[in-house]
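Chains as they are written, first to last, in our numbering: chain A, 1 to 509; chain B, 1001 to 1713.
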């Protein structure tokens, strides 16, 4: 048996430096850990690191844990330190999080303590699968995590490291390494960090650039919050446009101007100035109901929500609209930016479209379209022609001309089958909203919000419409409450098969 | 290894005496095996020991130089059976696998090798996949060691110690004619550190020597009467020999003072965590020097009665740090002390949690509770009890999006499950018997497909009871890894024999993908040291399957859905096999990305495809994501001030697999998806056509723009 004469309590405390890195698989947390180990080793520290990488695949949360101990201190003692393989709450010097929610997870695990921990986190989001698959807005709220980070960290370095990495043509781990150097929590100079990157040998040049950007950003501290750009007064370029703008100014409360301007801009672009005038006509009706129901005290919420829904409804996505949006020059430019094409690089796009017979008939004059759909022999004959999807090469002549021709049908849109159907359904909805407001203001607002259920194309649109109509069928009942409408709307977005909505509808109001 | 090179790691295996080896513990073990004069190595891949096998698979030239045979085993059972070479000959052999699952599979061979015993040192390296990050059921390998009476080493996580224990495990095995298991937990396997290397040692005796001079000893074969002899031999000879060796070579370690009224017995693997807890409580320094007597079990089975008695004698209470359950060591210690008439109280699971990993917090809390009860005076200047976890953080935790593992970007298995979902829309929900492999992620969002998983290669077997007359069929899933591991015989062959009418979908992605992308029989890559390209379709036809459909591009949703639909509805009797074939994207990218970049650099014309979404046509329903779940297909805030729901967005990690487009066609989703073809180094035809297109399209766009300007406000 070994026996040592020691009294640990009387000795000055030498403690290892402890660093936890939390990341999502595939983010390069291992590269960052390697750099830190290399850095510490070269600077006279004994480094130990370990990880729980989980399965070989991506998307899972991963944690790396590093301990550093001064080699000189160990040599002076003639002993090697015993280093831990996982972080202990209250005993972590640096937490590095490669994504905001992973910073949140580190906070929840208690790894960040205000007496000790420097939290270096990227504020960008990588959305989880549950956030992505929600039928509406399933995105987790960032504010709480940021609030907790500010409150719990001894020091906080928080900025969008992914964006900075992209700007510098490198990966997030390089920026994070820079942020670590900039935070100045480890006893090493920035030059030692750069040396570690150079020793790593892979992507050295780009990594160094990103490292320096991260370093500078962390040293600069928190930037002042950028003022949110106020939407300036609408720039008027046409006479008819000018009339619309002044009508909004005269007939509507100024707080509604931004949304109304957006509405008329959308609808003039979608169809015509007259169509946008029609939009304002309808909204004046809503505003009257709003005022009568005491909307002035409620910031005209009814009109605002109706304005939003009405603009979207009146600019429903038909084949003409899609063809128009897909062929615009501005869209070509946007695609180039989106796919990060180099200057002068040739980029061609193929659109994945699936116009079925229904959509084709929807674009025909109402009489003709309806006749085809209700005449079985002809629809059965035509159906196979539209049974499978098409790939349309928009930037090549054949594809472009096809779509251009469809977009050119815009002037005849008001005579199409779909237009008639949409306008009829929209009018019923708008009347319901107006009728409900004097009875119960909140109910009117809730009914207005239901428009958001009607979205998408094909089957998705049909499903949304079914949910919308199921809720509207309840809306005329005497006993309907705004809370119930809100519950029904949430239920409609809970699952694709409509099970939750059916169950909720089955419950007594 | 197929698409990943371990050349750098292989170089480390060549280090000689005095060189410093730096790297992960599992790689240190590979070096330790060569330093031990091992003659053969085998194993089956799986986290956290995959790297050990990957490195050896790439080290064939070095192994040839050293006369060491490395075998990629078909399963853990085959790996363990390989140790038979050490029964009659003084051959040192080592095999490795993931535990406890691998030990389950190996247990037949393990019981046999343990019964007859070995002449040459036989060592089994097990990666104990327990606790955070584990992908399997939470059980202990310890039980197998006990029931088969093989010795279980659990070295403290420190590279020099681990290496030393590997070397000594061969000696222990030979001294006691018993196989030895050396377990390393996940974190220990991935532990990065260093040790001073020794020279590699060539085996003194080789398989060639054995083959040319075979010997045979009927007493080593498990058949009566020898099997009865084996049991007695285990108790009367091998066990005492092992105890003697362990004592003599001090495999277990003592730290701190010899005397004391309390002490701690700890599994070697948990030693570092315990020492950190003691340090934080002011009872140890960072070098592991402590005021508490500590008995560190680098050998957790068998226990050394004399050492235990000596350690416990005179102590009021001893804390036993034993992770996992059942608490075998605790039971054994209590029996031992009772029989020795010692009054020392063994405190284990009454203070420490019965289940779950012993993290730093758990150990700190446990040690404090123990001392509080049995030696409160030792806690004098330790910090106050931990502050309770702030409740607002707990609440925040519930709101954090979970991050379940999922299919990689562009994974060819994703469209298989998209197709399954689309087929379910036609024929209704189906009972799915899942297997082990990446494809098991189908049980998670967004697919939610799969009812049970019964083990590697057992997808088809898991649906055997459902071979009855019904309006629908069961659908079994099996990966190519599981298929070759045992699924061909346990599942497919047996389905033929029992005239099963069910469907088995075999996911053939060219690799044993989930374990890191190792080659298997049906891999398409050429492999200099293994024989590949043995088609799964030939194998299933070979065992008598008549109905086989192969889909050669899983991304082709039409083909994929029709194959599944046909299999689920076919009137033909007998098992129906759908082979879904497309290369694992992770490995394909490993190979192709560098080649693509090189070609672009050299001026070759190349086209890169990726997908995108038009933000102004996307309405934010996310149907596409519910049918995909690709990491590169994500959401972003809606740029449209009139809309609130986030819109879909394809990020730059997209590899252009094409599924997004197929989905929007097959499910009639929306026209927002586009495929962008980016041309690198265009030739003269490209440039000419581009000029013509630009002229015509540009002119029309200008016209449309001016019409639009006239409609602006």
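Yeah, the Cβ is synthetic: ideal placement off N, Cα and C, and Gly gets one too.
Reduced DSSP secondary structure (H/G/I, E/B, other) of residue i
i: residue 346 (chain A); result: strand
i: residue 1045 (chain B); result: coil
i: residue 227 (chain A); result: Any reading at residue 227 (chain A) needs caution, since the residue's pLDDT is 48, under 50, leaving its predicted position unreliable; the model's value is listed next. DSSP places residue 227 (chain A) in coil when its eight states are reduced to three.
i: residue 68 (chain A); result: strand
i: residue 1474 (chain B); result: coil
i: residue 1618 (chain B); result: coil
i: residue 365 (chain A); result: strand
i: residue 1142 (chain B); result: helix
i: residue 171 (chain A); result: coil
i: residue 1518 (chain B); result: strand
i: residue 1063 (chain B); result: helix
i: residue 193 (chain A); result: helix
i: residue 93 (chain A); result: coil
i: residue 110 (chain A); result: coil
i: residue 4 (chain A); result: With a pLDDT of only 41 at residue 4 (chain A), under 50, the local geometry of the prediction cannot be trusted, and the value read off the model is given with reservation. The answer is coil: DSSP assigns residue 4 (chain A) none of H, G, I, E or B.
i: residue 122 (chain A); result: strand
i: residue 26 (chain A); result: coil
i: residue 1089 (chain B); result: coil
i: residue 1409 (chain B); result: coil
i: residue 1317 (chain B); result: strand
i: residue 1181 (chain B); result: strand
i: residue 1609 (chain B); result: strand
i: residue 61 (chain A); result: strand
Euclidean distance between Cα positions of residue i and residue j
i: residue 106 (chain A); j: residue 1338 (chain B); result: 45 Å
i: residue 369 (chain A); j: residue 380 (chain A); result: 14 Å
i: residue 123 (chain A); j: residue 1406 (chain B); result: 23 Å
i: residue 1722 (chain B); j: residue 44 (chain A); result: Past the boundaries of the shown model lies residue 1722 (chain B); chain B is included only from 1001 to 1713, so the question cannot be answered.
i: residue 1017 (chain B); j: residue 1032 (chain B); result: 12 Å
i: residue 235 (chain A); j: residue 1675 (chain B); result: 35 Å
i: residue 1132 (chain B); j: residue 88 (chain A); result: 14 Å
i: residue 438 (chain A); j: residue 1441 (chain B); result: 52 Å
Integer-rounded CB distance, given that residue j should sit under 8 Å from residue i
i: residue 1364 (chain B); j: residue 1277 (chain B); result: 4 Å
i: residue 1582 (chain B); j: residue 1509 (chain B); result: 6 Å
i: residue 1649 (chain B); j: residue 1613 (chain B); result: 6 Å
i: residue 1709 (chain B); j: residue 333 (chain A); result: Not quite, the Cβ-Cβ distance comes to about 16 Å (not below 8 Å), so this is no contact.
i: residue 489 (chain A); j: residue 443 (chain A); result: The Cβ separation is near 12 Å, so there is no contact.
i: residue 1170 (chain B); j: residue 1036 (chain B); result: 5 Å
Residue i, buried or exposed, once every other Cβ within 10 Å from all chains shown has been counted against 16
i: residue 1497 (chain B); result: exposed
i: residue 1484 (chain B); result: buried
i: residue 136 (chain A); result: buried
i: residue 1698 (chain B); result: exposed
i: residue 1235 (chain B); result: exposed
i: residue 1228 (chain B); result: exposed
i: residue 385 (chain A); result: exposed
i: residue 1502 (chain B); result: buried
i: residue 1696 (chain B); result: exposed
i: residue 1662 (chain B); result: buried
Checklist entry - So does the stretch 264-274 of chain A actually touch the stretch 311-321 of chain A, counting three or more Cβ pairs closer than 8 Å? => result Counting C-beta pairs closer than 8 Å gives three or more between the stretch 264-274 of chain A and the stretch 311-321 of chain A, which meets the contact rule.
Next on the checklist: Below 8 Å, how does it come out for the stretch 246-260 of chain A and the stretch 194-213 of chain A: are there three or more Cβ pairs, yes or no?
Outcome noted: Contact fails between the stretch 246-260 of chain A and the stretch 194-213 of chain A, because fewer than three Cβ pairs, one in each stretch, are under 8 Å apart.
Checklist entry - Can you find at least 3 beta carbon pairs, one from the stretch 177-194 of chain A and one from the stretch 135-150 of chain A, that sit closer than 8 Å? => result In short, these stretches do not touch, since the Cβ pair count stays below three.
Checklist entry - Would you call the stretch 1178-1196 of chain B and the stretch 1248-1261 of chain B in contact, with 3 or more CB pairs under 8 Å? => result Between the stretch 1178-1196 of chain B and the stretch 1248-1261 of chain B, the count of Cβ pairs shorter than 8 Å is below three; the stretches do not touch.
Checklist entry - Do three or more CB pairs link the stretch 1118-1137 of chain B to the stretch 1086-1104 of chain B at distances below 8 Å? => result The stretch 1118-1137 of chain B is in contact with the stretch 1086-1104 of chain B.
Checklist entry - Hey, is the stretch 1607-1626 of chain B in contact with the stretch 1671-1691 of chain B, meaning 3+ C-beta pairs nearer than 8 Å? => result Contact holds: three or more Cβ-Cβ distances are below 8 Å.
Checklist entry - If you pair each beta-carbon of the stretch 1143-1159 of chain B with each one of the stretch 1296-1308 of chain B, do three or more pairs fall below 8 Å? => result Contact between the stretch 1143-1159 of chain B and the stretch 1296-1308 of chain B is present, with at least three C-beta pairs closer than 8 Å.
Checklist entry - Okay, do the stretch 1409-1420 of chain B and the stretch 1372-1379 of chain B touch, 3+ Cβ pairs below 8 Å being the bar? => result Taking 8 Å as the limit for Cβ pairs, the verdict is that the stretch 1372-1379 of chain B does not touch the stretch 1409-1420 of chain B.
Checklist entry - Using 8 Å as the Cβ pair cut-off and three pairs as the minimum, do the stretch 163-182 of chain A and the stretch 28-47 of chain A touch? => result Short answer: they touch.
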